[in-house]
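full-length UniProt numbering numbers the first residue of the sequence shown as 1 and each following residue consecutively. Cβ atoms here follow ideal geometry from the backbone N, Cα and C, with glycine treated the same way.
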Amino acid sequence: MTAMRPLRLLVVEGNPKAMRERHAAVSGQTPSAFYADILSGLAADETLEATVDVCFPADEGANLPDGSDLASYDGVAITGSGLNLWKAERESLVQVDFARAVYDAGVPFFGSCWGLQVAAAAAGGEVKLNPQGREIGIARAIHITDAGRGHPLHAGRTQVFDAPAIHSDEVAAVPPGAIVTATNDLCAVQAAEIRHGNGVFWGVQFHPEYTFAELGGILSRYTPIMLEEGFFRDGEEAAGYITDLVALDADPGRKDVAWRLGVAPSVLDPKIRRTELINWLTLQVLPTASARLRG
Numbered sequence: 001m002t003a004m005r006p007l008r009l010l011v012v013e014g015n016p017k018a019m020r021e022r023h024a025a026v027s028g029q030t031p032s033a034f035y036a037d038i039l040s041g042l043a044a045d046e047t048l049e050a051t052v053d054v055c056f057p058a059d060e061g062a063n064l065p066d067g068s069d070l071a072s073y074d075g076v077a078i079t080g081s082g083l084n085l086w087k088a089e090r091e092s093l094v095q096v097d098f099a100r101a102v103y104d105a106g107v108p109f110f111g112s113c114w115g116l117q118v119a120a121a122a123a124g125g126e127v128k129l130n131p132q133g134r135e136i137g138i139a140r141a142i143h144i145t146d147a148g149r150g151h152p153l154h155a156g157r158t159q160v161f162d163a164p165a166i167h168s169d170e171v172a173a174v175p176p177g178a179i180v181t182a183t184n185d186l187c188a189v190q191a192a193e194i195r196h197g198n199g200v201f202w203g204v205q206f207h208p209e210y211t212f213a214e215l216g217g218i219l220s221r222y223t224p225i226m227l228e229e230g231f232f233r234d235g236e237e238a239a240g241y242i243t244d245l246v247a248l249d250a251d252p253g254r255k256d257v258a259w260r261l262g263v264a265p266s267v268l269d270p271k272i273r274r275t276e277l278i279n280w281l282t283l284q285v286l287p288t289a290s291a292r293l294r295g
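So this is what it looks like as structure tokens:
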């Protein structure tokens with residue numbers, strides 16, 4: 001039997017430099033570094049080795065893999081971002097172009113939040129500001145669609161679940177042939193499979209990769225916006241919510257905090273919370289890498 005070589009993964013940073021540095025100043029890491037650590041850890045949990053590279057397509061003059069370089073990866077994942085595709089800024093549009101290159105390379109492709117939006121736009125979909133407003137903190141009552149029942153992206157999920165989330169935009173029009181696999185009342189496309197060119201993308205509008213500490217750090221940056229939009233009455237209430245999130249991260253057994261925040265046991269369990277990422281690694285990335293090794 002041929003020994004499995006280490007998986008080679010690529011994380012695509014969705015933020016330009018200034019945004020990711022602001023994020024790191026509060027959270028301690030850029031989104032891409034955090035995502036890379038999560039992927040490495042999930043691979044290790046499955047007794048796999050993985051090397052994870054990071055690229056920065058939003059940066060001017062970024063040296064990006066293409067063609068055979070992209071095809072040499074076993075999987076590509078796009079992080080969240082503070083950008084908005086409907087603004088059509090250069091930093092956004094270059095990421096759409098890069099996503100098309102990933103599709104062309106035929107590499108297993110995943111994205112959280114912004115990643116789903118970029119992959120949808122690259123395949124001919126449309127992203128707009130959600131008229132229902134921002135979904136932030138915990139996305140509630142996400143349910144698997146009829147088309148999503150039995151889809152491997154959600155293998156192991158209950159029919160209805162909650163998940164960490166933060167977004168104000170949504171995929172308003174799915175690309176041709178896309179399968180919407182999960183939805184909720186606030187956002188019609190909570191998860192989808194998109195086939196385009198040579199590639200297959202699995203993505204979610206929520207953030208399966210987040211820890212509660214990471215979510216708390218992001219909410220601390222978003223506190224002024226959340227106050228303006230009426231999520232909190234004042235800064236003290238916001239600080240209390242964030243303190244609870246961090247406390248829950250340190251001790252998931254804090255029943256009092258979980259009850260106060262309305263966080264279900266399934267959301268507290270990191271393995272369940274990261275279901276879609278684990279399924280992508282084990283059901284998309286690993287089989288494709290094994291087939292390439294045999295070939």
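(message) DSSP has THR275 in a bridge; who is on the other side?
(response) In the DSSP output, where bridge partners are listed per residue, THR275 has none listed.
(request) Buried or exposed for ASP244, please, with buried defined as at least 16 other CB atoms from any protein chain shown within 10 angstroms of its CB. (result) buried
(message) Just checking VAL96 against the ligand COA - is the residue's beta carbon closer than 7 Å to any of the ligand's heavy atoms?
(response) Ligands displayed in this structure: none; no statement on the ligand COA is therefore possible.
(request) Quick one: residues in its chain with C-beta nearer than 8 Å to the C-beta of LEU268, no 5 flanking neighbours on either side, listed in chain order? (result) LEU248, PRO252, ALA258
(message) Give me the DSSP bridge partner(s) of VAL76.
(response) LEU10, PHE109
(request) Starting from GLY217, trace the alpha helix (DSSP H) both ways and give me its first and last residue. (result) 212–228
(message) When you compare the CB positions of LEU277 and PRO208, do they come within less than 8 Å of one another, or not?
(response) yes
(request) Give a yes or no on whether the C-beta atoms belonging to VAL118 and GLY124 are separated by under 8 Å. (result) no
(message) Could you tell me the alpha carbon to alpha carbon distance between TRP114 and ILE78, rounded to whole angstroms?
(response) 7 Å
(message) Just verifying my parser: in three-state terms, what is the DSSP assignment at VAL54?
(response) strand
(message) Going by beta-carbon coordinates alone, are GLU229 and LEU186 separated by less than 8 Å?
(response) no
(request) Going by CA-CA distance only, name the one from LEU70, GLN159, GLU170, ASN63 that's closest to GLY80. (result) GLU170
(request) Spatial neighbours of ALA36 within its chain, please: CB distance less than 7 Å, with the 5 preceding and 5 following residues excluded, ordered by chain position. (result) VAL11, VAL52, VAL54
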